[in-house]
Amino acid sequence: MIYEHEIPTGSKLYFGKSAKLKREIEGVASKTFEQRGFEEIVTPFLSYHQHGNIAEKELIRFADGANHILSLRADSTMDVVRLMNKRLGRSTTQDKWFYIQPVFKFPSFEINQIGAEFVGAKSLSFGVDISSIIFNEFELTPLLQICNINIPNIIAKKFDLDIKIFERGEIEKLFCLGVPWLDGLIKTQSLEQLNSVINLAPKEIQNELLKMREMDEKITYRRVVFSPLYYARMRYYDGLFFRFIDKNLTLGLGGNYECDGAKSAGFALYTDAVIDTILKK
Amino acid sequence: MLSVALPKGRIAKETLDIFEEIFNKKFVFEDRKLILKTSGFKFLLVRNQDVPSYVLHQAADIGVVGLDVLEEKEEDLVRLLDLGIGRCKVCVGVKNDMEIDYSLPEIKIATKMSNIAQKYFSSKAMGVKIIKLYGSIELAPLVGLSDAIVDIVETGTTMKQNGLKAVETIMESSAYLIANKNSFIEKKEDIISLYEKISKVI
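Quick note, the sequences are listed as chains A and B, same order.
So that you can map any letter, position 181 of the first sequence is 184 in our numbering, and since no number is skipped, the others follow by simple counting.
So that you can map any letter, position 10 of the second sequence is 11 in our numbering, and since no number is skipped, the others follow by simple counting.
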């Protein structure tokens, strides 16, 4: 039985204080992006292009008039980048875009996001800087976690390990290898620990650790930890990435990626998690 | 302070024994209390199957739970260390005079571990109908509710006493120290320090 007033599990309802807060966060974000040369893009709710980026079982799917599969937007990044490249590519020099729109996941999840894509970005630091300006406006100080997905990938290949060991954080299996620099990576959290392990690690790992340190040097946000072995299945982030966490929530996430041959960087703030965190302060 | 979710019963007792050995002091829950705060830890006594939920939602930073529960729940958690306690097997059991008949179009399995059972028979290209039960699993094949069961076997005595035998082992299990993913990032130093202390005594 479905009640008249029932809302589907995972969908979002904001009213009064929380709706006002949502609008304020989006307002601050929009102003911050515009001041930094970003232009807004609003992409269609329905998309033909979600397949390949997202596991099919996560999509809310339909068929169009010709029985082609289309789905509710489950991710904004690839649609934004492809639209910029294919439709606007020749007619604009604009390479920085932001969006404020929800994504949808099967069966009835609705996730409000504020995100930005920077085609050709040399550094990921813009994502941390803009996020921290927005967090600061609402007196939030989440923990910034700097990661590099190349490190677990290189180690998995070097020692012939299943990448799931990193995904599940099975440190027992890594300690068992008895490799001092790997023990150092497992324990690394602070800049001092990162610097120590950079001196111990083999060249290919050292290069990736230096990228993490370079990113830290480019940002002003200071509540930072380094997680060189953190691994999560990413849709497209293929190198450095970051997460802002507060207790059990991820407030934001960003990384480097390549789309249609263009090296780019992007990030998204999870508006619902940001609202939740502010309201529970 | 680290909060620790422990499964009620023998595994909680054995885990607290490990803590006693490390910290050289008693770790005992008072009477029927479910929370014990001592020596920088907050222990929570919860149902075995609920440990992953407490840790996933960060009501506890770390927890102790069987590998079988982790495989069944498939939650996004950090698996820190095999504690080597609570050893058991997840087995397929049938009546003493029966064998698993893979020529059947479908097999009926009674279990509380529906994901593990589903995956196991799917991997053998066997159609399976899962009947989810919450206890007295051994009864199901005896009264014709199922063809077989998938259940935890420690000594095999319960199955034997009910006229059943374990015919296939799906997995071996023991209790793991687990952590919440964000707690492992934020409290890494404390969690790894505890990991190292436990590793030395098990």
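No residue lacks a Cβ here, since even glycine has one placed at the ideal position from N, Cα and C.
TODO: Classify Q192 (chain A) as helix, strand or coil using the three-state DSSP reduction.
DONE: Here residue 192 (chain A) refers to the residue found at position 189 when the first sequence is read from its first residue. Look at Q192 (chain A) here: in three-state DSSP terms it is coil, with no helix or strand label.
Open item on the list: DSSP three-state label for P142 (chain B), please.
Closed with: For this step, residue 142 (chain B) is matched to residue 141 along the second sequence. P142 (chain B): helix per DSSP, three-state reduction.
Open item on the list: Contact criterion: CB-CB distance below 9 angstroms. Does Y233 (chain A) meet it with respect to chain B?
Closed with: The count along the first sequence starts at 1 and reaches residue 233 (chain A) at position 230. Y233 (chain A) counts as touching chain B.
Task: G255 (chain A) to M99 (chain B) span [Cα, whole Å] - done: In the first sequence, counting from the first residue as 1, residue 255 (chain A) sits at position 252. In the second sequence, counting from the first residue as 1, residue 99 (chain B) sits at position 98. As the crow flies, the alpha-carbon of G255 (chain A) is around 56 angstroms from that of M99 (chain B).
Task: Inter-stretch contact at 8 angstroms, needing at least 3 Cβ pairs: the region 128-144 of chain A / the region 22-33 of chain A - done: Contact between the region 128-144 of chain A and the region 22-33 of chain A is present: three or more C-beta pairs spanning the two stretches fall below 8 angstroms.
- [ ] Kindly indicate the opening and closing residues of the beta strand (DSSP E) around N88 (chain A).
- [x] Position 85 of the first sequence, counted from the start, is the residue given in the question as residue 88 (chain A). From DSSP, N88 (chain A) is part of no beta strand (DSSP E); its letter is neither H nor E.
Open item on the list: Helix, strand or coil for A77 (chain A)? Go by DSSP, reduced to three states.
Closed with: Position 74 of the first sequence, counted from the start, is the residue given in the question as residue 77 (chain A). Note: A77 (chain A) maps to coil in three-state DSSP.
- [ ] Whole angstroms is fine: what's the gap from E43 (chain A)'s alpha carbon to G269 (chain A)'s?
- [x] The residue you call residue 43 (chain A) lines up with position 40 of the first sequence. The residue you call residue 269 (chain A) lines up with position 266 of the first sequence. Cα to Cα, E43 (chain A) sits roughly 14 angstroms from G269 (chain A).
Open item on the list: Whole angstroms are fine: how far does the CA of F44 (chain B) sit from the CA of R236 (chain A)?
Closed with: Here residue 236 (chain A) refers to the residue found at position 233 when the first sequence is read from its first residue. Here residue 44 (chain B) refers to the residue found at position 43 when the second sequence is read from its first residue. The straight-line gap from Cα to Cα measures roughly 32 angstroms.
Task: Terminal residues of the beta strand (DSSP E) in which G64 (chain B) lies - done: Taking the first residue of the second sequence as 1, we reach residue 64 (chain B) at position 63. Counting along the chain, the beta strand (DSSP E) containing G64 (chain B) begins and ends at I63 to G67.
- [ ] Identify whether P11 (chain A) lies in helix, strand or coil by the three-state DSSP scheme.
- [x] Residue mapping note: residue 11 (chain A) aligns to position 8 of the first sequence, counting from 1. Taken through DSSP and simplified to helix, strand or coil, P11 (chain A) comes out as coil.
Open item on the list: Here's the rule: buried if 16 or more other CB atoms are within 10 angstroms of the residue's CB, otherwise exposed. What is K329 (chain A)?
Closed with: This structure does not reach residue 329 (chain A), given that chain A is present from 4 up to 284, and the question cannot be answered.
Open item on the list: To be precise: take each residue of the region 239-252 of chain A, compare its Cβ to all Cβ atoms of chain B, and keep it if any distance is under 9 angstroms. Which residues remain?
Closed with: When CB distances to chain B are screened at a threshold of 9 angstroms, the residues of the region 239-252 of chain A falling below it are R246, I248, D249, K250, N251 and L252, in chain order.
Task: E31 (chain B) (DSSP reduced to helix, strand or coil) - done: Translated into positions along the second sequence, residue 31 (chain B) becomes position 30. Correct three-state label for E31 (chain B): coil.
Task: Rounded straight-line distance, which links the Cα of G187 (chain A) to that of V200 (chain A) - done: Working through the first sequence from its first residue, we reach residue 200 (chain A) at position 197. Working through the first sequence from its first residue, we reach residue 187 (chain A) at position 184. For V200 (chain A) and G187 (chain A), the distance between alpha carbons rounds to 6 angstroms.
Task: CB of I154 (chain A) within 9 angstroms of CB of P231 (chain A), strictly - done: As a first step, residue 154 (chain A) must be located in the first sequence, where it is residue number 151. As a first step, residue 231 (chain A) must be located in the first sequence, where it is residue number 228. Against a cut-off of 9 angstroms, the Cβ pair of P231 (chain A) and I154 (chain A) comes out as a contact.
- [ ] May I ask you to report which of helix, strand or coil DSSP gives N183 (chain B)?
- [x] Taking the first residue of the second sequence as 1, we reach residue 183 (chain B) at position 182. DSSP places N183 (chain B) within a helical segment (H, G or I) once states are collapsed to three.
Open item on the list: I want to verify the contact list: residues of chain A whose CB lies under 7 angstroms from the CB of R80 (chain B), in sequence order.
Closed with: Position 79 of the second sequence holds residue 80 (chain B). Within chain A, the residues near R80 (chain B) are R171, G172 and E173.
Task: Buried or exposed by the 16-neighbour rule on C-beta atoms within 10 Å, applied to Y55 (chain B) - done: To locate residue 55 (chain B), count along the second sequence from 1; it is residue 54. So Y55 (chain B) counts as buried.
Open item on the list: Residues of the region 124-141 of chain A in Cβ contact with chain B at a cutoff of 8 angstroms, in chain order, please.
Closed with: Sequence-ordered contacts of the region 124-141 of chain A with chain B are nonexistent [C-beta pairs closer than 8 angstroms].
TODO: State the Cα-Cα distance for the pair K130 (chain B) and D148 (chain B), rounded to the nearest angstrom.
DONE: Looking up residue 130 (chain B) in the second sequence gives position 129. Looking up residue 148 (chain B) in the second sequence gives position 147. Spanning the two alpha carbons is a distance of roughly 10 angstroms.
Open item on the list: Is the beta carbon of T274 (chain A) closer than 9 angstroms to that of N115 (chain A)?
Closed with: For this step, residue 115 (chain A) is matched to residue 112 along the first sequence. For this step, residue 274 (chain A) is matched to residue 271 along the first sequence. Contact: yes.
Open item on the list: Out of B:I12, B:G87 and B:A61, which one is the CA nearest neighbour of S4 (chain B)?
Closed with: Here residue 4 (chain B) corresponds to residue number 3 of the second sequence, with the count starting at 1. Closest by alpha carbon: B:A61.
- [ ] Say whether the region 70-83 of chain A touches the region 51-59 of chain A, bearing in mind that this needs 3 or more beta-carbon pairs closer than 8 angstroms, one atom from each stretch.
- [x] The region 70-83 of chain A is in contact with the region 51-59 of chain A.
TODO: Identify, in the order they occur along the chain, each residue of the same chain with its Cβ nearer than 7 angstroms to the Cβ of Q59 (chain B), setting aside the five sequence neighbours on each side.
DONE: Position 58 of the second sequence, counting from 1, holds the residue named residue 59 (chain B). When the five nearest sequence neighbours on each side are left out, the beta carbons in the same chain lying within less than 7 angstroms of the beta carbon of Q59 (chain B) are those of N181, N183 and S184, in order along the chain.
Open item on the list: Under DSSP, the beta strand (DSSP E) around A119 (chain A) begins and ends at which residues?
Closed with: The count along the first sequence starts at 1 and reaches residue 119 (chain A) at position 116. Residues F112 to V122.
TODO: For K99 (chain A), return the contacting residues in chain B, with the cut-off set at a CB-CB distance below 9 angstroms.
DONE: Position 96 of the first sequence, counting from 1, holds the residue named residue 99 (chain A). Against K99 (chain A), chain B offers no close residue; the least beta-carbon distance is about 30 angstroms (beta-carbon pairs closer than 9 angstroms).
- [ ] Could you check if S194 (chain B) is buried or exposed, using at least 16 other CB atoms within 10 Å of its CB as the buried criterion?
- [x] As a working note, residue 194 (chain B) is residue 193 in the second sequence. Result: exposed.
Task: Nearest neighbour of G118 (chain A), chosen from A:L203, A:E29 and A:I208 [CA to CA] - done: Position 115 of the first sequence, counting from 1, holds the residue named residue 118 (chain A). When C-alpha distances from G118 (chain A) are compared across A:L203, A:E29 and A:I208, the shortest belongs to A:E29.
Open item on the list: Let me see if you follow: with CB-CB separation under 9 angstroms, is Y55 (chain B) close to chain A or not?
Closed with: In the second sequence, counting from the first residue as 1, residue 55 (chain B) sits at position 54. Taking Cβ atoms only, chain A never reaches closer than 9 angstroms to Y55 (chain B), which makes this a no.
Task: For F234 (chain B), three-class secondary structure by DSSP - done: There is no way to answer for residue 234 (chain B), as the model of chain B reaches only from 2 to 203.
Open item on the list: Between the alpha carbons of D98 (chain A) and K221 (chain A), how many angstroms are there, rounded?
Closed with: For this step, residue 98 (chain A) is matched to residue 95 along the first sequence. For this step, residue 221 (chain A) is matched to residue 218 along the first sequence. Straight through space, the alpha carbons of K221 (chain A) and D98 (chain A) are spaced by roughly 21 angstroms.
TODO: Along the alpha helix (DSSP H) that carries V227 (chain A), what are the first and last residues, could you check?
DONE: One-based indexing of the first sequence puts residue 227 (chain A) at position 224. No alpha helix (DSSP H) contains V227 (chain A), which is instead part of the beta strand (DSSP E) from V227 to F229.
- [ ] Could you please give the first and the last residue of the uninterrupted alpha helix (DSSP H) stretch that includes Q50 (chain B)?
- [x] Translated into the one-based positions of the second sequence, residue 50 (chain B) becomes position 49. For Q50 (chain B), there is no enclosing alpha helix (DSSP H), as DSSP gives it neither H nor E.
Open item on the list: Please report the straight-line C-alpha distance between F20 (chain B) and L84 (chain B), rounded to a whole angstrom.
Closed with: For the purposes of this step, residue 20 (chain B) is taken as the residue at position 19 of the second sequence. For the purposes of this step, residue 84 (chain B) is taken as the residue at position 83 of the second sequence. Put simply, the backbone Cα of F20 (chain B) is about 12 angstroms away from that of L84 (chain B).
Open item on the list: Let's test the definition: count the other Cβ atoms within 10 Å of the Cβ of F65 (chain A) and tell me whether it reaches 16, buried, or not, exposed.
Closed with: On the first sequence, residue 65 (chain A) is found 62 positions in, with the first residue counted as 1. Taking a 10 Å sphere around the C-beta of F65 (chain A), we find fewer than 16 other C-beta atoms and assign the residue as exposed.
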